[in-house]
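> Chains A and B supply the protein sequences, listed in that same order.
Counting from 418, one number per residue, gives the positions in the first sequence under this note's numbering.
Counting from 483, one number per residue, gives the positions in the second sequence under this note's numbering.
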Amino acid sequence: MARAKAEQQQPTTGMTLIVLVGLAIAFLLFMAFLNVVKSGNILNETNLLFAALIFYAGAGALYLGFGVTGTESYVKFASVSTTLGVIANTAAIAHRWYESGHPPFSSVYEMLLSFVWTLAMLTLVVEKKYGVKVIGTVTMPVAIVGVVLMQLLRTEVHPLVPALQSTWLHVHVTLAMLAYAACALSFALASMFLIQDKMKSETFLAVTSVCTLAIYASIVATRFEKWGGLSLVGWNPEQKSEIFISKGVRLFVTIPDLGWLMVLALLVVAAPLVCYGLARWKKDDSYVTLANRAVFLSILLQVMALIMFLVRARDGRYASLDADGLFPTSLAASPFILSGLVGGVFISLLYLLLLWRRPDLERLLPSSDNLDRITYKTISLAFPLLTLMIASGAYWANQTWGSYWSWDPKETWAAITWLVYAGYLHMRITRGWRGRRAAYFAILGFVVVMFTFFGVTYLLPGLHSYA
Amino acid sequence: MAGDLRKIAHKLWRTMASIQTGVVLLILVVILAAVGTIVLQRPVTEPDEMQAAYSAPALRILDKVGLTDVFHSWWFLGLVLLVSFSIVAASIDRFPNSWRYFARPYKYPDEGFRRASHPQKSLTVTDEEAGLVAAERALHSLGYKPERVVHEDTFSIFAERSRISELAVYIVHASLLLIFFGTVVDGLWGWRGTLNLDEGQTSNIVEVRDGSTRTLPFAIRCDAAGQENYKDGTPKKWWSKLAVVKGGRDVQKKEIVVNDPLFYSGVRFYQSSYGPNGKVDKLLVTAIPSSGSGTKQELGLAVNDTVSLDANTTVRFAEFFSDFAVQDGHVYRKSNEMGNPAAHLVVTSKASGKDFDVWFPEIEGVAENSKAPYLLEATDLKMGYFTGLQVSHEPGQWGVWAGVVLMVIGLAFVFYVVHVRFWVVPVCDPKTGKHSLWIGGSANRNRDAFEERFNDFVELVGKELKTIPKTSPSEKVVVVAGD
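1) Cβ of W652(A) less than 8 Å from any chain B Cβ?
2) Provide the residue span of the beta strand (DSSP E) that contains A854(B), from first to last.
3) Taking the alpha-carbon positions, what's the L470(A) to S583(A) distance?
4) Let me confirm a value: M820(B) is counted as buried when at least 16 other C-beta atoms fall within 10 Å, else exposed. Which label applies?
5) Per DSSP, what are the beta-bridge partners of F799(B) in this structure?
6) If you measure from the CB of D739(A), is any heavy atom of the ligand NAD nearer than 7 Å?
7) Are the beta-carbon atoms belonging to L670(B) and G885(B) less than 8 Å from one another?
8) Should R750(B) be flagged as near chain A, meaning a C-beta pair shorter than 8 Å?
9) May I have the straight-line CA-CA distance separating I561(A) from L871(B), to the nearest angstrom?
10) Following the continuous alpha helix (DSSP H) through R542(B), name the residue where it begins and the one where it ends.
11) Quick check on the burial criterion: 16 or more other C-beta atoms within 10 angstroms. Buried or exposed for V547(B)?
12) With a threshold of 8 Å between beta carbons, is A623(A) in contact with chain B?
13) If you draw a straight line from the C-alpha of W677(A) to the C-alpha of G742(A), how long is it?
14) Starting from the C-beta of S784(A), find all residues in its chain whose C-beta is less than 8 Å away, skip the five residues before and the five after it, and write them out in chain order.
15) Exposed or buried, what is S722(B) when buried is set at 16 or more other beta-carbons lying within 10 Å of its beta-carbon?
16) On a CA-only basis, which of L549(B), T497(B), D545(B), L507(B) is nearest T519(B)? Give me that one, please.
17) Give me the Cα-Cα distance between V970(B) and T556(A), rounded to the nearest whole angstrom.
18) With the cut-off set at 8 Å, would you say M679(A) and Y735(A) are in Cβ contact?
19) Which of helix, strand or coil does DSSP assign to E629(B)?
20) Verify whether the separation of the beta carbon atoms of A799(A) and Y838(A) is less than 8 Å.
21) Would you mind reading off the limits of the beta strand (DSSP E) that contains S755(B)?
22) According to the neighbour-count rule (16 or more other Cβ atoms, all chains shown, within 10 Å of its Cβ), is V733(B) buried or exposed?
23) In this structure, what does DSSP give as the bridge partners for M865(B)?
24) I want to know whether the region 873-883 of chain B touches the region 557-571 of chain B - three or more CB-CB distances under 8 Å.
25) Out of A508(A), V686(A), S608(A), state which residue places its alpha-carbon closest to the alpha-carbon of V549(A).
26) Output, in sequence order along the chain, the residues in the region 841-852 of chain A whose CB is closer than 7 Å to any CB in chain B.
27) Measure the CB-CB distance between V688(B) and L679(B) and report whether it falls below 8 Å.
28) Taking all protein chains shown into account, decide if T665(B) is buried (16 or more other Cβ within 10 angstroms of its Cβ) or exposed.
29) Return helix, strand or coil for W698(A), following the three-state DSSP convention.
30) Taking just the CA atoms, how far does F661(A) sit from G757(B)?
31) Along chain B, in chain order, which residues have C-beta atoms closer than 8 Å to that of Q613(A)?
32) Along chain B, in chain order, which residues have C-beta atoms closer than 8 Å to that of A832(A)?
33) Rounding to the nearest angstrom, what Cα-Cα distance links R710(A) and L772(A) in this structure?
34) Thinking E544(A) and S496(A) are a contact (beta carbons under 8 Å), I'd like their distance in whole angstroms, please.
35) Within the continuous alpha helix (DSSP H) that includes T697(B), where are the two ends?
36) Using a beta-carbon distance below 8 Å, is L707(A) in contact with chain B?
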């Protein structure tokens, strides 16, 4: 029934969207060019980056357009756009490298730049070499979010304190991003395997719902204040840093009523899961249809929550339970909440893509055997990268604090991540695990990566938190 | 009895060497490590934070079981040892086979092997030698070094590449053991501590982590230290100019910053912090005779310094309070932290023999600032600074870094270096007398990609065959083995 509804929603033909996107790209490039002609140097790094962003955005729009309409030609043009974006991105990195005399590792901006480049490159590689033409639907939006976040946060970032000024730290962070990009890719491929392996769409529904539920549950559990407010870390705009009351203790401000919105979103996001549970329990598939309808509502609520969060957290001064007076906050003060909210919307949209376009996806994706193999190959890349990441982190810690391993939660969870992927490789190479079991293991690995990256800083008790 | 013991020992060995055991042990390590990140750990967490987080009975149980210091508990270390042992056992168990594979290449595939081998192809040839030559040429062009293997009365061809790949996995596991070994050495013989030096101070006593002190066979002197800030006041850089003093001489000098330690005789000194040491460096004072006539003098006094203002009068910096309180006309030290500082100077007039108590700030009931023969004004209070150094001795870290390098090499071999073998065997069908060339290949990884390369190789052999002029059967060379 949901499919029938989706068929009715095809408004435009293929060429129209392509022409529209092409025009938009041309327009934006022209505006940028006008702007640039004023300042002189056309091929400087910022403009190249902007061009890259425009191309990635165009690619992302076309991939998502494919998601809505199923027109295959979108994918071809999206690939072209991605390639152009990579060229611009590479030129930007090369330019910066040449100008500064060192590789682009020495600031948060540069590292995000490298991450986005890696994501786009890997997209092209997986597309061309392994034939997974639709991988861009997942990676390009992430690249765009990365670049946008970069722009949003760039002016907010504080120059580095002494401990963070080491080359090894930047090598470590770049390796981490490369490793995480490879892990994310393996996760996407393992999920695609499950699609090709005929895993039921309802199962994807349940998992998506669980993920979004986990995001909102974390937010509500840790930041909901008594009278319905949401607490965020205070931000000092002059010093461009968090506000501390005393050593290691942050000041939290409470945005009124935002907490209620998060709770509401939590309940609505749980609804598809509940319907799914009912469908399994009562063995009645009509609940599944209800669940799919609930997904639309969940997306609506999530977008509302995101917009309200963006609006309220960017401006305004709020009261704090910790001190008298009003204090400002900023998006830069809550990168994890922001990432969680955006990520939730993104996962839900991906589920819709699956729901509407499953037969097209199954047609466009390689066979399940191939996807299984490619997942293994991606993890073969991710695992050495993880090893190098941990090693460089240990070396940096040794140079800075005199100890290469202190069982810090971040370190410990990085080691756990490494062990999980080592487990995957052992099970596959030595025990011959293939197919579903291997895919589940790969997905588990990525869940652990997510926890290491977000959960340790955000959810674990006490202890110093740094990115 | 002995037989039973042997059986048990054998069973134990099989269990330790099995992959199942390894995986179970790893899962246990993961769970315990995860617990160690969720339960607050000592000594990183302050005792009062621990008490605030858990109820008293809960904390007692956690402490007893060792969950408040998981990574140093005996059962966690024992588990890691078990993992190491299982790696060793599994490696020993499997190594002989892999070594056989590595040391004794399988150059001639017998009939049974040929039947079961995959991938394989057969090409029809008119004579054996042409076939062999074609195969050799094809292998040469692919970058292999084929060799002719004598078998009974014929040759066959064998070519391989990267045999070391069969042992790659052992390199990885050996590297892991090397890393463990390094950490164990550090755990047993390494130590860490702190050393705080005031500017100009020399010391060779380190306060070790566990509370004890350690005397080094050499001393460190801090010649200067400082802090640079960003425009908004937050720290940008801490630096210290250090000198190593041994036998009365300066044997090494270095200016260190965070991330760039001083290394001497196996010990590393890291710039860790910088701050006021709570002691006064100098109090800057101006003095004018209270009579009004005379020049203004500018003095800098350290605690207990005495300076003559004129032939008759001296001033001494008697006391410094970092945080003072007044009660009943008496000044007390409220705390040792910097709070409300007060300086007590004594102006002595030799002629009258009188002492005047001058206080900054002018504390009521105690200060006699206006009565003193000189009017003193405090212009600046320069506090002393200390530089905080972290000191560590980690003899085992070389094992760790060597292990890491070895592991990366090993992983590169495991994933990207493939042991490829090609066999070419001329076969004569006894019934029909037809000659054919049996071609087989094997790769120990990426078998799917190898199949493509194998097919390309067979095609290449076919092409080479066509370029070889056919010889008549009578000219065929008969090869006799064992010459």
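Built from N, CA and C at the ideal position, the CB exists for glycine as well.
This is what the structure holds:
1) no
2) Careful: A854(B) lies outside any beta strand (DSSP E) and carries neither H nor E.
3) 29 Å
4) exposed
5) L827(B)
6) With respect to small molecules bound, the structure shown includes none, and the ligand NAD cannot be examined in it.
7) no
8) yes
9) 44 Å
10) 538-547
11) exposed
12) no
13) 23 Å
14) Q613
15) buried
16) L549(B)
17) Residue 970(B) lies beyond the range of chain B shown here (483 to 965); nothing can be said about it.
18) no
19) strand
20) yes
21) 749-771
22) exposed
23) V762(B)
24) no
25) S608(A)
26) H843, T847, R848
27) no
28) buried
29) helix
30) 19 Å
31) Those do not exist, as Q613(A) stays about 17 Å from chain B at its closest Cβ, beyond 8 Å.
32) A515
33) 11 Å
34) 6 Å
35) Counting along the chain, T697(B) falls outside any alpha helix (DSSP H), though it belongs to the beta strand (DSSP E) covering 695-711.
36) no
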